[in-house]
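These notes concern the structure reproduced below.
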């Protein structure tokens, strides 16, 4: 029987121990990793932490909140038929028809599991106004900066309480007091931005008739552009400020992020 | 990947992430923004009521209370999880209480899990997916984080897909099980997620969450008390309170003082609750190290 040199024995023994321990998940723990949309991150985090706490063996779960687009990209992994860049992905955007077909051609079956339904909503910080109503049409006009003041008659028409905030005459016209509308939007591409854009544009098409032919024409052209873009291409988080179209001439050449 | 799209108007404010959006709205009066409803409501932002396709003005909480989030999914989902989901959209669906901006969050997973070479890890991934559809794990996502959990067609679709993955583990492959009721010997096994097993951070977390809930209810009752006292003061003064002929008596002064004290107490309680929560959260890693 060959005897190992004394200096090597402890090292090999240690390596064997580490290898065996790692095999049984005792060093790094058994690991599951995912990435994708940030919306359900707290929910996934809670489930992961609960499972870790209830397991006898050490488990390691992680979830990177990097947005739907990156989550899907990492899952697709450039169409790699053997594996994703992670164990699971998550997002509000399904595989496009082209991506799904591409996997089919490679005999790779991809599963979409509907996990959660979430609502995207609008929030405001108009003082002393707990109840504020807006139609999709008004929302679109606000986000496109067609309406820039909370005292605008079209807003006050469906929010009579707002008139108390501003000095108005008997015809509902503002007498000077106003509150500028500040529009907050996501810097990076997001499924929330994608969703509000689609809904507002869809409804804007219906309401645009009341603002005259010119307005309608501009809406029409932008509507077609957005419809085509949103159905055929995915929002890219690397491209900042994707969202509602600027239906009016841009004021200084481009947005900043 | 994405072609040129129209830009936002230049005088809109760019906010980073969902929490950045909350800050943008909170910090400047007169701001309008958008966010995942659960995140905005949790931050106590003022939600705007918007009109759905039916014509009803509602906010997301009213929609959720009336089953209006994800109610119509059975009409538009493919028959099984292996299908083409590319045309699925829950935006602007029909229904009296349907929320117009509803998103469906998917888990994407490959049917062939052999890329995970360790069969125990492979089985763990399947167990994790099972937990994501188990109410005992995800009910908090509904009650605390504002999501609607899948039911009916969507739940059926996901359950069948997980069954498919489970079959892929092989007849003799390792499997993780869930122990809900104490099972002698079996529950002490290696591959068991046991509801009866806890570690210190999870115990502390649950205790802190319960403590925060209790503080919330105390603050709510104190706030209600302040409102009632204020109303009583106003009533006792009648319409002339504060008018030219009103007398500000010692009694009114005492009532106002009481209101102020109770208001201050509620503020102190909230702050102490938050401080306690923060301190305990920070203690967990230290104690774990010990």
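Residue numbers (the numbering used here), protein chains in the order written: chain C, 1 to 257; chain F, 258 to 547.
The beta carbon of each residue, even a glycine, is placed where N, CA and C say it ideally should be.
These numbers come from a predicted model, not from an experiment.
Check: Whole-angstrom C-beta distance between residue 363/F and residue 58/C, which should lie under 8 Å; Outcome: Not quite, the Cβ-Cβ distance comes to about 29 Å (not below 8 Å), so this is no contact.
Check: Whole-angstrom distance between residue 345/F and residue 336/F, CA atom to CA atom; Outcome: 12 Å
Check: Chain F contact for residue 14/C (CB, 8 Å cutoff); Outcome: Confidence is the limiting factor: at residue 14/C the pLDDT is only 47, short of 50, which leaves the residue's position unreliable and the question unanswerable from this model.
Check: Contacts of residue 317/F in chain C (Cβ-Cβ under 7 Å); Outcome: 119 and 121
Check: Cβ neighbour criterion (16 or more within 10 Å) applied to residue 467/F; Outcome: exposed
Check: Opening and closing residue of the beta strand (DSSP E) in which residue 270/F lies; Outcome: 270 to 272
Check: Close beta carbons around residue 131/C, own chain, < 6 Å, minus the five adjacent residues each side; Outcome: none
Check: The region 31 to 44 of chain C in contact with the region 395 to 408 of chain F per 3-pair CB rule at 8 Å; Outcome: yes
Check: Member of 426/F, 428/F and 443/F whose CA lies at the smallest distance from the CA of residue 434/F; Outcome: 443/F
Check: Beta-carbon gap between residue 183/C and residue 142/C smaller than 8 Å; Outcome: yes
Check: Sheet register partners of residue 111/C (DSSP bridge); Outcome: 366/F
Check: Local conformation of residue 32/C per DSSP, three classes; Outcome: strand
Check: Cβ shell of residue 358/F (< 7 Å), same chain only, five flanking positions each side left out; Outcome: 348
Check: Closer than 8 Å to chain C by CB, residue 271/F; Outcome: yes
Check: Beta-carbon gap between residue 309/F and residue 355/F smaller than 8 Å; Outcome: yes
Check: Range of the contiguous alpha helix (DSSP H) that encloses residue 46/C; Outcome: 41 to 54
Check: Residue-level contact to chain C via CB, residue 308/F, 8 Å cutoff; Outcome: yes
Check: Within 8 Å, strictly: CB atoms of residue 453/F and residue 464/F; Outcome: no
Check: Short Cβ contact (8 Å threshold) for residue 134/C with residue 519/F; Outcome: no
Check: Rounded Cβ spacing between residue 163/C and residue 67/C (contact assumed at less than 8 Å); Outcome: So it is not a contact: roughly 41 Å between Cβ atoms.
Check: Residue span of the beta strand (DSSP E) that contains residue 435/F, given as start and end; Outcome: 434 to 436
Check: Beta-carbon neighbours of residue 376/F, restricted to chain C and to distances below 9 Å; Outcome: By Cβ distance, chain C contributes nothing, its closest Cβ being about 11 Å from residue 376/F, past 9 Å.
Check: Cβ contact (3+ pairs, closer than 8 Å) linking the region 473 to 481 of chain F and the region 512 to 530 of chain F; Outcome: yes
Check: Closest residue to residue 38/C among 431/F, 366/F, 481/F and 360/F (Cα-Cα distance); Outcome: 360/F
Check: Interface residues of chain C facing residue 452/F [CB-CB closer than 8 Å]; Outcome: 54
Check: Delimiting residues of the beta strand (DSSP E) encompassing residue 288/F; Outcome: 288 to 293
Check: Pairwise C-alpha distance: residue 52/C and residue 533/F; Outcome: 25 Å
Check: Assigned secondary structure, residue 103/C (DSSP; H/G/I helix, E/B strand, else coil); Outcome: helix
Check: C-beta neighbour in chain F for residue 47/C, strict 8 Å; Outcome: yes
Check: N-terminal and C-terminal residue of the beta strand (DSSP E) that residue 184/C is part of; Outcome: 182 to 186
Check: Inter-stretch contact (C-beta, 8 Å, three-pair minimum) for the region 123 to 130 of chain C and the region 283 to 299 of chain F; Outcome: yes
Check: Any chain C beta carbon closer than 8 Å to residue 392/F; Outcome: no
Check: Buried versus exposed, by CB contacts within 10 Å (16 or more), residue 91/C; Outcome: buried
Check: Buried versus exposed, by CB contacts within 10 Å (16 or more), residue 351/F; Outcome: exposed
Check: Chain-ordered neighbours of residue 183/C on chain B, where CB pairs are closer than 9 Å; Outcome: No chain B is part of this structure, whose protein chains are labelled C and F.
Check: Helix, strand or coil at residue 304/F [DSSP, three-state]; Outcome: strand
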